[in-house]
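What follows is a set of notes on a single structure, which appears directly below.
There are 2 protein chains.
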Amino acid sequence: MSRLDRSLISGLPLFQGLTADNLDRVVGKARSQRVPKGQAIFEQDAEAHAFFLLLDGHVRVVKSTPEGQDVIVRYISPGELIGIARALGRTTYPASAVAAVDCIVLAWPSALWSEFAATFPAFGAHTYKTVGSRLQDAHTLVVEMSTEQVDQRVAHALLKLIAQSGKKTDDGVLIDFPISRQDIAEMTGTTLHTVSRLMTAWEEKGLVRSGRQKVAVTDPRRLRQIAEAHAGKE
Amino acid sequence: MSRLDRSLISGLPLFQGLTADNLDRVVGKARSQRVPKGQAIFEQDAEAHAFFLLLDGHVRVVKSTPEGQDVIVRYISPGELIGIARALGRTTYPASAVAAVDCIVLAWPSALWSEFAATFPAFGAHTYKTVGSRLQDAHTLVVEMSTEQVDQRVAHALLKLIAQSGKKTDDGVLIDFPISRQDIAEMTGTTLHTVSRLMTAWEEKGLVRSGRQKVAVTDPRRLRQIAEAHAGKE
DNA sequence: CGTCCATTTGATCAGGGTCAAGACGAGTGG
DNA sequence: CCACTCGTCTTGACCCTGATCAAATGGACG
Chain E
1 MSRLDRSLIS GLPLFQGLTA DNLDRVVGKA RSQRVPKGQA IFEQDAEAHA
51 FFLLLDGHVR VVKSTPEGQD VIVRYISPGE LIGIARALGR TTYPASAVAA
101 VDCIVLAWPS ALWSEFAATF PAFGAHTYKT VGSRLQDAHT LVVEMSTEQV
151 DQRVAHALLK LIAQSGKKTD DGVLIDFPIS RQDIAEMTGT TLHTVSRLMT
201 AWEEKGLVRS GRQKVAVTDP RRLRQIAEAH AGKE
Chain C
1 MSRLDRSLIS GLPLFQGLTA DNLDRVVGKA RSQRVPKGQA IFEQDAEAHA
51 FFLLLDGHVR VVKSTPEGQD VIVRYISPGE LIGIARALGR TTYPASAVAA
101 VDCIVLAWPS ALWSEFAATF PAFGAHTYKT VGSRLQDAHT LVVEMSTEQV
151 DQRVAHALLK LIAQSGKKTD DGVLIDFPIS RQDIAEMTGT TLHTVSRLMT
201 AWEEKGLVRS GRQKVAVTDP RRLRQIAEAH AGKE
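As given, the protein sequences belong to chains E and C, one line each in that order. Residue numbering for the first sequence follows the working numbering, starting at 1 and increasing by one per position. Residue numbering for the second sequence follows the working numbering, starting at 1 and increasing by one per position.
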C-alpha cells in the first residue's frame, strides 16, 4: 500500500484551517481501504468501531427492515463522512453503507472522533452542520413520502441524484454511477415495476434517457414540473 | 411576570454540571413566554431569531408543503429544545412549532447558542446527541413510510405517542394531550377517514378507547403485533 | 454460447383515497 | 336554559393508483 499523503484531504472543507502538520497527524492515524463495488463498508447494527471519509466512488446508505426490505436513505459523494453514528451517541451503525462502485475510503477508529472535534474546531463544526443538513433532508423525505404520488417521488429522487452526482453528457445529465430500477424503487418506496413503467413513459416524452443501470435526465425542467405539482400533468 | 428562577431548569440533563451561578446566568438571559393552545411558537421559513426550551405542555412540529398539506414531524415533550435550526447552520426555521395545549417556554436569542455551547460543554454535547437521535427517528420514519401499510404506520404512531407522553388511566394508557384523527393522519401520511375507520375497528377489538381528541391504548401488546408484522393479521 | 440479471410489459386486483352525508358533542349567545 | 353553530368524528359508496403475479426480452459477461 502506498504511503498516505496529506494532499488526499487538504482540499476538503472538513479540514479547512488545519496546518500541514495537523493534516499529517490526521492522515497518519487513518487507514486507507479499497472497497470493491457491491461490498459493505459497514453493516447495520454492527459495533461502530470506526468512521470513514469517502475519498473516491459512490456509496449508498441502506436501512433494512426485519422483514428484509431495503430502503436507500441517501447516497454519499466523495469528501463526505460516513459512519459517524458514534459521534451522535450511538454505539452501533444505524444503517449499512454499500459501495455503488469501487471506492476508496479513509477509516479512523471511532475513539478519535472526539479527539479531532476537540482539537480542530472546524472539524466538529463541519460535522454538525452536515448532520443538521442530513436531518433536514430526512424530514424533507418524510414529507415527500407522506404527501406525494409515486411519479412525483421518483422525479424528485432523480433530480436530487443529478444535483448531487450529475455529469453532463450528450444524452443530458447522467447519474454518475450505476443505478438500477430496483435502487430507485428503494429510494422512493415503490416497486421496480412501477419505476420501469415511469422511465419508459418519460423516455417516450423525451425527459430521460436510460438503460441498464444507467439514467440520464435530458429535460430537467419538465421533470421538475412533474415533481413539483400534480396540476401540471397532462 | 414573575421572576425567572434557576430551579426551572436545574433538573434537566441539558444543563447538567452547571453551577448555581451558571444556571442563573443562563436563565437570566432567557425570556419566558406563555403560548396558548393552537398558537405557533415559531413559523416555518421565518427568520430563526431564537431557540426555545419547552418547560410545560406539548408541541407539535409541522412542516407544510407549498400545496398546503401539513405533515407532523414529531411531538415535543417538556424539557426538550426546539428551534435549534440556527445551531445546525440554518438561518430560518425548517418547520413550524404549534402548541398542542397551553405551553410555557423559555426563549433565548439564537446568537447565544454558540456561546452556551462553548461555555458549557454539557450543553453542546447534549444538543448534538438530541439532534443525532432525531436524525435516527427521522430515518426510522422514512423506512416506515416506505415499507409499511397504513394500519402498521398508525399503530406505530400510537405506540410512539404513548411511549413519549403516555399516562396510565383506568382506560389504559392515555395520550396526554388532545389529538385528533386529523393529527394522526398527518403523522402517518393518510387521511382522517382511514384513521377513523381503523380506530373504530380497534375499539371493537378492545385495543384502544378513543373519543373526541382523545386516544387511550388498552392493549399495547396486540397493537404492537399489528405494528410489527402483517403476518399477525386475522 | 450459455447463464444470469436487469428490464419490460401485460393482466389483475385490492388498499385506501375521494366524495358525500350525517351524527355527535361542546361551546356560544340570546 | 335552550337553540344554534362549528368542528370532530363516523360511515357508506365508488373508483383509481400502484402493488402483485406472471412471463418474456435483452444485454453483459464468463
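Glycine included, every Cβ here is placed at the ideal spot set by N, Cα and C. Predicted model, so just to flag it, every value in this text is computed and none were measured.
Subject >> Own chain, CB closer than 6 Å to Gln33/C, minus 5 neighbours either side, in chain order >> reply: Position 33 of the second sequence, counted from the start, is the residue given in the question as residue 33/C. Contacts found: Val105, Ala107.
Original post:
Which runs of the alpha helix (DSSP H), 4 residues or longer, sit entirely within the region 19 to 65 of chain E?
Top reply: Those alpha helix (DSSP H) runs which fall completely within the region 19 to 65 of chain E and span 4+ residues are 20 to 28.
Subject >> Leu223/C, DSSP secondary structure in three states >> reply: As a position in the second sequence, residue 223/C is number 223, starting the count at 1. If DSSP states are grouped into helix, strand and coil, Leu223/C belongs with the helices.
Original post:
With 8 Å set as the bound, which would you pick, yes or no: does the beta-carbon of Thr237/C sit closer than that to a beta-carbon of chain E?
Top reply: Shown here, chain C extends from 1 to 234; a query on residue 237/C therefore has no answer.
Original post:
Hey, how far is the Cα of Leu158/E from the Cα of Asp176/E?
Top reply: Within the first sequence, numbered from 1, the residue matching residue 158/E stands at position 158. Within the first sequence, numbered from 1, the residue matching residue 176/E stands at position 176. Taking the straight line joining both Cα atoms gives about 12 Å.
**OP:** Quick one: grab the DSSP three-state call for Ile72/C.
**Re:** In the second sequence, residue 72/C corresponds to position 72, counting from 1. DSSP places Ile72/C in strand when its eight states are reduced to three.
Original post:
What residue range is occupied by the uninterrupted alpha helix (DSSP H) comprising Gly206/E?
Top reply: The count along the first sequence starts at 1 and reaches residue 206/E at position 206. Run containing Gly206/E: none; DSSP gives neither H nor E here.
Original post:
Within 10 angstroms of its Cβ, does Glu144/C collect 16 or more other Cβ (buried), or is it exposed?
Top reply: Translated into the one-based positions of the second sequence, residue 144/C becomes position 144. With 16 or more other Cβ atoms inside 10 Å of its own Cβ, Glu144/C counts as buried.
Original post:
Using a beta-carbon distance below 8 Å, is Lys37/E in contact with chain C?
Top reply: Walking along the first sequence from the start, residue 37/E turns up at place 37. Not closer than 8 Å to any Cβ of chain C, the Cβ of Lys37/E fails to qualify, so no.
Original post:
What is the DSSP secondary structure of Val101/E, reduced to helix, strand or coil?
Top reply: Residue numbering aside, residue 101/E sits at position 101 when the first sequence is read from its first letter. Val101/E falls in the coil class under three-state DSSP.
Subject >> Proximal chain C residues relative to Gly189/E, where beta-carbon distance stays under 8 Å >> reply: Locating residue 189/E in the first sequence gives position 189, where the first residue counts as 1. Proximity of chain C to Gly189/E at the Cβ level (cut-off 8 Å) is accounted for by Met145, Ser146, Thr147, in chain order.
Subject >> Exposure of Lys160/C, with buried meaning 16 or more beta-carbon neighbours within 10 Å >> reply: For the purposes of this step, residue 160/C is taken as residue 160 along the second sequence, with counting starting at 1. So Lys160/C counts as buried.
Original post:
Straight-line CA distance for Pro66/E to Leu223/C?
Top reply: Residue 66/E sits at position 66 when you count from the first residue of the first sequence. Residue 223/C sits at position 223 when you count from the first residue of the second sequence. Rounded to the nearest whole angstrom, the CA to CA distance from Pro66/E to Leu223/C is 18 Å.
Original post:
Which same chain residues, not among the five before or five after Ala97/C, have their C-beta less than 6 Å away from its C-beta?
Top reply: As a first step, residue 97/C is located in the second sequence; it is residue number 97 there, counting from the start. Within its own chain, the residues whose Cβ lies closer than 6 Å to the Cβ of Ala97/C, once the five positions on either side in sequence are excluded, are Ile41, Phe42, Val59, Val61, Ile82, listed in chain order.
Original post:
Quick one: is Arg86/C buried, meaning 16 or more other Cβ sit within 10 Å of its Cβ, or exposed?
Top reply: Here residue 86/C refers to the residue found at position 86 of the second sequence. That one is buried.
Subject >> Environment of Thr19/C [buried if 16+ CB atoms lie within 10 Å] >> reply: Here residue 19/C refers to the residue found at position 19 of the second sequence. Thr19/C should be labelled exposed.
Original post:
What's the gap between the Cα of Arg221/C and the Cα of Lys214/C?
Top reply: Within the second sequence, residue 221/C is the residue found at index 221, counting from 1. Within the second sequence, residue 214/C is the residue found at index 214, counting from 1. When rounded, the separation of the alpha-carbon atoms in Arg221/C and Lys214/C is 20 Å.
Original post:
For Lys233/E, does the three-state DSSP call read helix, strand or coil?
Top reply: Residue 233/E sits at position 233 when you count from the first residue of the first sequence. Interpretation of Lys233/E is limited by its pLDDT of 37, a score under 50 that renders its predicted location unreliable; the figure taken from the coordinates is listed afterwards. DSSP places Lys233/E in coil when its eight states are reduced to three.
Subject >> Given Ala100/C as reference, the closest of Ala229/C, Gly38/C, Glu204/C once Cα atoms are compared >> reply: Numbered from 1 along the second sequence, position 100 holds the residue referred to as residue 100/C. Ranked by how close their Cα comes to the Cα of Ala100/C, the residues Ala229/C, Gly38/C, Glu204/C have Gly38/C in first place.
Original post:
Would you call the CB atoms of Val208/C and Ile184/C closer than 8 Å?
Top reply: Taking the second sequence and counting its residues from 1, the one referred to as residue 208/C is at position 208. Taking the second sequence and counting its residues from 1, the one referred to as residue 184/C is at position 184. One thing to note: Val208/C has its Cβ no nearer than 8 Å to the Cβ of Ile184/C.
Subject >> Short Cβ contact (8 Å threshold) for Ala46/E with Val73/E >> reply: Taking the first residue of the first sequence as position 1, residue 46/E is located at position 46. Taking the first residue of the first sequence as position 1, residue 73/E is located at position 73. Judged by beta-carbon spacing, Val73/E lies beyond the 8 Å limit of Ala46/E, meaning their Cβ atoms are not closer than that value.
**OP:** Tell me whether the beta-carbon of Thr147/C lies closer than 8 Å to the beta-carbon of Gln152/E.
**Re:** Counting from 1 along the second sequence, the entry for residue 147/C is found at position 147. Counting from 1 along the first sequence, the entry for residue 152/E is found at position 152. Gln152/E is positioned such that its CB atom lies no closer than 8 Å to that of Thr147/C.
Subject >> Interface flag, Ala229/E vs chain C, CB-CB below 8 Å >> reply: Within the first sequence, the letter at position 229 stands for residue 229/E. Interface residue, yes.
Original post:
So, are the CB atoms of Val71/C and Glu186/C less than 8 Å apart?
Top reply: Here residue 71/C refers to the residue found at position 71 of the second sequence. Here residue 186/C refers to the residue found at position 186 of the second sequence. Yes, the Cβ-Cβ distance between Val71/C and Glu186/C is below 8 Å.
Subject >> Buried versus exposed call for Thr200/C [16 or more other C-beta atoms within 10 Å across all chains shown] >> reply: Along the second sequence, one-based indexing puts residue 200/C at 200. Burial call: exposed.
Subject >> DSSP beta-bridge partners of Ile175/C >> reply: Sequence index remark: in the second sequence, residue 175/C carries index 175 (1-based). According to DSSP, Ile175/C bridges with Gly166/C.
**OP:** For Met1/C, name the three-state secondary structure that DSSP assigns.
**Re:** Position 1 of the second sequence, counted from the first residue, corresponds to residue 1/C. Only weak support exists for where Met1/C lies, its pLDDT of 49 falling under 50; the value from the coordinates is given anyway. In the structure shown, Met1/C sits in coil (DSSP, three-state: anything other than H, G, I, E or B).
**OP:** Would you list the residues sitting across from Thr92/E in a DSSP beta bridge?
**Re:** Taking the first sequence and counting its residues from 1, one reaches residue 92/E at position 92. DSSP, once it has assigned bridges, lists Glu47/E as partnering Thr92/E.
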